[in-house]
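A.B. asks: Before anything else, here's the structure in question.
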Amino acid sequence: MESGRATLLKEQQLKDQFDNLEKHTQSGIEFVERYSKFVKERSDIEISYAKQIRNLSKKYQPKKNSREEEENKYTSCRAFLSTLNELNDYAGQHEVIAENLTSQIITELSRYLTELKAERKSHFHDGRKAQQQIESLWKQLESSKRRFERDCKEADRAQQYFERMDADINVTKADVEKARQQAQMRHQIAADSKTEYSNYLTKFNQEQNEHYYTLIPNIFQKLQEMEERRIERVGVSMKTYAEVDREVLPIVGKCLDGMTKAAESIEPKTDSKQVVESYKSGFEPPGDVEFEDYGPGQTMKRTVSETSLSNSRGEAKERPGGGKSKGKLWPFIKNKNKSPKQNKEPLSNRFNEFMASKPKMTCLRSLRRGGSGPEDFSHLPPEQRRKKLQAKIDDINKDIQKEMDQKDALTKMKGVYEKNPQMGDPASVDPRLVEMAMNIEKLQSEVQKFEGWLAEVEGRLPSRSDPPRRQSGLYESQNSNSTMVDNNCAQDRESSPDGSYTEEQSSETQVKVAIANTPEFDDEFDDGDEETLPTIGTCKAVYSFEGHNEGTISVTEGELLFVIEQDKGDGWTRVRRNVEEEGYVPTSYVEVFLETNTKGAMTYI
Numbered sequence: 045m046e047s048g049r050a051t052l053l054k055e056q057q058l059k060d061q062f063d064n065l066e067k068h069t070q071s072g073i074e075f076v077e078r079y080s081k082f083v084k085e086r087s088d089i090e091i092s093y094a095k096q097i098r099n100l101s102k103k104y105q106p107k108k109n110s111r112e113e114e115e116n117k118y119t120s121c122r123a124f125l126s127t128l129n130e131l132n133d134y135a136g137q138h139e140v141i142a143e144n145l146t147s148q149i150i151t152e153l154s155r156y157l158t159e160l161k162a163e164r165k166s167h168f169h170d171g172r173k174a175q176q177q178i179e180s181l182w183k184q185l186e187s188s189k190r191r192f193e194r195d196c197k198e199a200d201r202a203q204q205y206f207e208r209m210d211a212d213i214n215v216t217k218a219d220v221e222k223a224r225q226q227a228q229m230r231h232q233i234a235a236d237s238k239t240e241y242s243n244y245l246t247k248f249n250q251e252q253n254e255h256y257y258t259l260i261p262n263i264f265q266k267l268q269e270m271e272e273r274r275i276e277r278v279g280v281s282m283k284t285y286a287e288v289d290r291e292v293l294p295i296v297g298k299c300l301d302g303m304t305k306a307a308e309s310i311e312p313k314t315d316s317k318q319v320v321e322s323y324k325s326g327f328e329p330p331g332d333v334e335f336e337d338y339g340p341g342q343t344m345k346r347t348v349s350e351t352s353l354s355n356s357r358g359e360a361k362e363r364p365g366g367g368k369s370k371g372k373l374w375p376f377i378k379n380k381n382k383s384p385k386q387n388k389e390p391l392s393n394r395f396n397e398f399m400a401s402k403p404k405m406t407c408l409r410s411l412r413r414g415g416s417g418p419e420d421f422s423h424l425p426p427e428q429r430r431k432k433l434q435a436k437i438d439d440i441n442k443d444i445q446k447e448m449d450q451k452d453a454l455t456k457m458k459g460v461y462e463k464n465p466q467m468g469d470p471a472s473v474d475p476r477l478v479e480m481a482m483n484i485e486k487l488q489s490e491v492q493k494f495e496g497w498l499a500e501v502e503g504r505l506p507s508r509s510d511p512p513r514r515q516s517g518l519y520e521s522q523n524s525n526s527t528m529v530d531n532n533c534a535q536d537r538e539s540s541p542d543g544s545y546t547e548e549q550s551s552e553t554q555v556k557v558a559i560a561n562t563p564e565f566d567d568e569f570d571d572g573d574e575e576t577l578p579t580i581g582t583c584k585a586v587y588s589f590e591g592h593n594e595g596t597i598s599v600t601e602g603e604l605l606f607v608i609e610q611d612k613g614d615g616w617t618r619v620r621r622n623v624e625e626e627g628y629v630p631t632s633y634v635e636v637f638l639e640t641n642t643k644g645a646m647t648y649i
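Residue numbers (my numbering): 45 to 649.
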């Protein structure tokens, strides 16, 4: 009985330990979930912070076609723009932190939690199953024990009854025999119960020994290992949490170094020179004030000299019908009521004419795309106007060169189609060639027009020590007509009632001059093809090509060749094998490597 109580007590203690372990492992899982939630909130903070930083950088980026974009020529503005760009990259590193936290910690912990819950459930299921089995064997043992005890008591009572019957002389022999058989049967039942009880006891002891020394320790060991792996995984996650930040520190440092470098690149003297260059008017200073002698019958003028830096108020009062004029210092004076009959020095007259003129826009074509002034920039001071006109001429020259390159490429393509009709219809290229010719003619007339205005401005500017800038690098043969264009522009401007220039008055004359004196560009390019072209790079044949047609060259896969002319949009690249062998190959058949000093260098397949 004492052993039975000890067994029951041990079972109860074991059950309590399972309850404690179940609570502890559940709290461990909750801790992992809590840590995963913490990392997720940190990731959300990083994403939100990066978004706010990007919005801040975007907010202060210079807007297109605005004053802020024009101010980027100053080193301080460029430094601020570099700082904004570095700040944008800095925000990107916080996004990297959020992505790495999500992929390396949150996702991994989520998967691990699923596995951990399943493993924990399995171990506790095995423990409960072992407890139920040992409890079942214990119940069977107790049942067999009680049955054995009952059968023994029945056998003792049957034996006592037989002995009383046998001692009683009044009982018949048959009754005695019957009692004896009943006693023997009871003894046999008790013996069988004893054997059954003994078997159950042996089995229970074996199962109990295996339960306490094998099954339960193994389950506890698995739970311990599971708990150690959980703690280790939490430690690895915490280490990864720190490493994620550490990985982006070098790039963050580079961003900060970029901001520092941008700040150090600010040059106050350069910015001040830019301001001077931007607002330099180009006006010639006025002449000296003449001496006026006093004599009988003469009245001394109360106004300052017309060549002085100020504009007299008294002069405006003496003018018949003249309006009031504010006394502003030159060159900020802007008098709209100048009398055409005043006698002034030539430069002063031009200055007052420029300051008094109000640009007249006779049609919408006089405004450029997105511009807010006359096409000839007559609203600007001479020096600024000259810069604008020169920049405009350079832009148009680039457009002309681009159109010419495309025209040359289409002409070559047409030649290839004419020699190989199966590759395409030559007539399909003609509309595009006609369109390009018209575009080139239109751009040439634009160049002539702007060059005329530029010549007019340079004629009015005072002489400079540096030589005059080249106006056009594409039309040297048209220099003889510049005087004619200048005169036309000047006459057109003088014919305008308010001194402004209208596009309709000058474009027709300049277009006629341009058409009459423009050389044939096709002949110029044809002559250039006869010369030996320099090498601009190398190429490697990716596929073999059989050049059966005239002007092409055969290449084999892997062969190295020299590039002497890039693909100009027609799908063909001109290559050279040696001094005597050169020709065109399909651009898609070769991998081109242009030299670094070649304009527009790039590598393509």
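Every residue, glycine too, gets a C-beta built ideally from N, C-alpha and C.
Everything numeric in this text was worked out from a predicted model, so none of it was measured.
1. According to DSSP, is Gly595 part of a helix, a strand, or is it coil?
2. For Leu267, is the classification buried or exposed, using 16 other Cβ atoms within 10 angstroms of its Cβ as the cut-off for buried?
3. Per DSSP, which one or two residues make a beta bridge with Thr686?
4. For the candidate residues Lys456, Phe168, Gln96, whose alpha-carbon lies nearest to that of Pro3?
5. Please confirm whether Glu427 and Lys324 have their CB atoms less than 8 Å apart.
6. Using C-beta distances below 7 Å, list every residue in its chain close to Ala307, excluding the 5 sequence neighbours before and after it, in chain order.
7. Span of the beta strand (DSSP E) holding Ala585?
8. Tell me which same chain residues have a C-beta within less than 8 Å of the C-beta of Glu198, skipping the five on either side of it?
9. Would you kindly report the start and end of the unbroken alpha helix (DSSP H) that includes Leu145?
10. Apart from the five residues on each side of it in sequence, which residues of its chain come closer than 7 Å, Cβ to Cβ, to Lys238?
11. Helix, strand or coil, according to DSSP, for Ile97 in the structure here?
12. Going by alpha carbons, who is nearest to Leu477 out of Val491, Gly171, Met448, Glu85?
13. Can you tell me whether DSSP reads Ser516 as helix, strand or coil?
14. Quick one: Cα of Ser180 to Cα of Glu269, how far?
15. So who's on the other strand from Glu635, going by DSSP bridges?
16. Exposed or buried, what is Ser383 when buried is set at 16 or more other beta-carbons lying within 10 Å of its beta-carbon?
17. What residues in its chain sit with their C-beta under 7 Å from that of Tyr156, if we drop five residues either side in the sequence?
18. Going by DSSP in three states, Asp63 sits in which element: helix, strand or coil?
19. Per DSSP, which one or two residues make a beta bridge with Leu604?
20. Within 10 angstroms of the Cβ of Thr546, are there 16 or more other Cβ atoms? Answer buried if so, exposed if not.
21. Along the chain, where does the alpha helix (DSSP H) containing Asn249 start, and where does it finish?
22. Pair every Cβ in the region 132 to 147 with every Cβ in the region 285 to 296, then say whether three or more of these pairs are closer than 8 Å.
23. Please go through the same chain and pick out, in chain order, the residues whose beta-carbon is closer than 8 Å to the beta-carbon of Val76, but skip the five residues on each side of it.
24. Once you ignore the five residues that flank Arg430 on each side, which residues in its own chain have a CB closer than 6 Å to its CB?
C.D. replies: So, to answer that:
1. Translated into positions along the sequence shown, residue 595 becomes position 551. It is coil, neither helix nor strand.
2. To locate residue 267, count along the sequence shown from 1; it is residue 223. Leu267 should be labelled buried.
3. Nothing can be reported for residue 686, as the shown portion of the chain is limited to 45 through 649.
4. Past the boundaries of the shown model lies residue 3; the chain is included only from 45 to 649, so the question cannot be answered.
5. Along the sequence shown, read from residue 1 onward, the residue named residue 427 stands at position 383. Along the sequence shown, read from residue 1 onward, the residue named residue 324 stands at position 280. A contact, by the Cβ cut-off of 8 Å.
6. Counting from one through the sequence shown, the residue named residue 307 turns up at place 263. Cβ-Cβ distances below 7 Å link Ala307 to Ala123 in the same chain, with the five nearest sequence neighbours on each side left out; the list follows chain order.
7. Translated into the one-based positions of the sequence shown, residue 585 becomes position 541. For Ala585, the enclosing beta strand (DSSP E) starts and ends at 581 to 585.
8. Indexing the sequence shown from 1 puts residue 198 at position 154. Taken in chain order, the residues that qualify are Arg230, Ile233, Ala234.
9. Along the sequence shown, one-based indexing puts residue 145 at 101. For Leu145, the enclosing alpha helix (DSSP H) stretches over residues 119 to 145.
10. Indexing the sequence shown from 1 puts residue 238 at position 194. Phe192, listed in sequence order.
11. In the sequence shown, the residue the question calls residue 97 occupies position 53. In the structure shown, Ile97 falls within a helical segment according to DSSP collapsed to helix, strand and coil.
12. The residue labelled residue 477 in the question sits at position 433 within the sequence shown. The residue with the shortest Cα to Cα distance from Leu477 is Met448.
13. Working through the sequence shown from its first residue, we reach residue 516 at position 472. With a pLDDT of only 38 at Ser516, under 50, the local geometry of the prediction cannot be trusted, and the value read off the model is given with reservation. Ser516: coil per DSSP, three-state reduction.
14. In the sequence shown, counting from the first residue as 1, residue 180 sits at position 136. In the sequence shown, counting from the first residue as 1, residue 269 sits at position 225. Rounded to whole angstroms, the separation of the alpha carbons of Glu269 and Ser180 is 29 Å.
15. Counting from 1 along the sequence shown, the entry for residue 635 is found at position 591. Per the DSSP secondary-structure output, Glu635 pairs in a beta bridge with Lys584.
16. Here the question's residue 383 lines up with position 339 in the sequence shown. With a pLDDT of 40 at Ser383, under the threshold of 50, the predicted position of this residue should be treated as unreliable, though the coordinate-derived value follows. Here Ser383 is exposed. Its C-beta has fewer than 16 other C-beta atoms within 10 Å.
17. Looking up residue 156 in the sequence shown gives position 112. Hits under 7 Å: Arg277.
18. Against the sequence shown, residue 63 aligns to sequence position 19. When DSSP states are grouped into helix, strand and coil, Asp63 belongs to the helix group.
19. Along the sequence shown, read from residue 1 onward, the residue named residue 604 stands at position 560. Per DSSP, the beta-bridge partners of Leu604 are Lys584.
20. Within the sequence shown, numbered from 1, the residue matching residue 546 stands at position 502. Because the pLDDT at Thr546 is just 40, under 50, the model does not fix this residue reliably, and the value given afterwards should be weighed accordingly. Buried, by the Cβ-count rule.
21. In the sequence shown, counting from the first residue as 1, residue 249 sits at position 205. 217 to 254 is the span of the alpha helix (DSSP H), which, as asked, contains Asn249.
22. Result yes; three or more Cβ-Cβ pairs closer than 8 Å.
23. Numbered from 1 along the sequence shown, position 32 holds the residue referred to as residue 76. Correct list, in chain order: Leu153, Tyr156, Leu157, Leu160, Arg274, Arg277, Val278.
24. The count along the sequence shown starts at 1 and reaches residue 430 at position 386. Result list for Arg430: Val501, in chain order.
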